[in-house]
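Numbering (my numbering), first residue to last: 170 to 239. C-beta: ideal position from N, C-alpha, C; glycine also. None of the values given here were measured: they were computed from a predicted structure. I have placed the structure first, in the form of structure tokens, so that the comments after it can refer back to it.
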Amino acid sequence: MPAYEFSVLLKILPRAEAATALKRIGTLLLDKGIVIQKLENHGTKDLPFRMKGEGKAHTRGSYFVFKTMA
Numbered sequence: 170m171p172a173y174e175f176s177v178l179l180k181i182l183p184r185a186e187a188a189t190a191l192k193r194i195g196t197l198l199l200d201k202g203i204v205i206q207k208l209e210n211h212g213t214k215d216l217p218f219r220m221k222g223e224g225k226a227h228t229r230g231s232y233f234v235f236k237t238m239a
């Protein structure tokens with residue numbers, strides 16, 4: 170089984186909401202038969218450019234990496 174890294178970028182959210190979003194992503198991966206080996210939190214960082222979403226411009230985001238086997 171080949172190993173893959175899956176990067177996730179979230180807008181700044183309260184801890185509980187971020188956990189819910191990551192669980193939802195993890196569930197989608199598991200439903201596709203992907204084995205999640207590790208989830209890394211790379212913290213909150215400046216975005217490389219401003220991103221718009223929900224009528225708001227975002228300049229910072231939370232970075233996560235899923236390490237998987239498919």
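Exercise. Just curious, the alpha helix (DSSP H) that Glu186 is in, first and last residue?
Worked result: For the purposes of this step, residue 186 is taken as the residue at position 17 of the sequence shown. 184 to 200 is the span of the alpha helix (DSSP H), which, as asked, contains Glu186.
Exercise. Skipping 5 residues on each side, what residues in its chain have a beta carbon closer than 8 Å to that of Gly222?
Worked result: Counting from one through the sequence shown, the residue named residue 222 turns up at place 53. Cβ within range, chain order: Lys180.
Exercise. With Tyr232 and Lys207 assumed to form a contact (beta carbons below 8 Å), what rounded beta-carbon distance in angstroms separates them?
Worked result: Taking the first residue of the sequence shown as 1, we reach residue 232 at position 63. Taking the first residue of the sequence shown as 1, we reach residue 207 at position 38. Contact check for Tyr232 and Lys207: beta-carbon distance about 15 Å, past the 8 Å limit, so the pair fails to qualify.
Exercise. Can you name the residues that DSSP bridges to Met170?
Worked result: Stepping through the sequence shown from its first residue, residue 170 is reached at position 1. DSSP, once it has assigned bridges, lists no residue as partnering Met170.
For this session: Report the option in Gly224, Ala226, Leu198 whose CA atom is closest to the CA atom of Tyr173.
Result: Stepping through the sequence shown from its first residue, residue 173 is reached at position 4. Of the candidates Gly224, Ala226, Leu198, Leu198 places its Cα closest to the Cα of Tyr173.
Exercise. Where does Ala239 fall in DSSP's three states?
Worked result: As a first step, residue 239 must be located in the sequence shown, where it is residue number 70. Note: Ala239 maps to coil in three-state DSSP.
Problem set entry | Where Glu209 falls: helix, strand or coil (DSSP) | In the sequence shown, counting from the first residue as 1, residue 209 sits at position 40. When DSSP states are grouped into helix, strand and coil, Glu209 belongs to the strand group.
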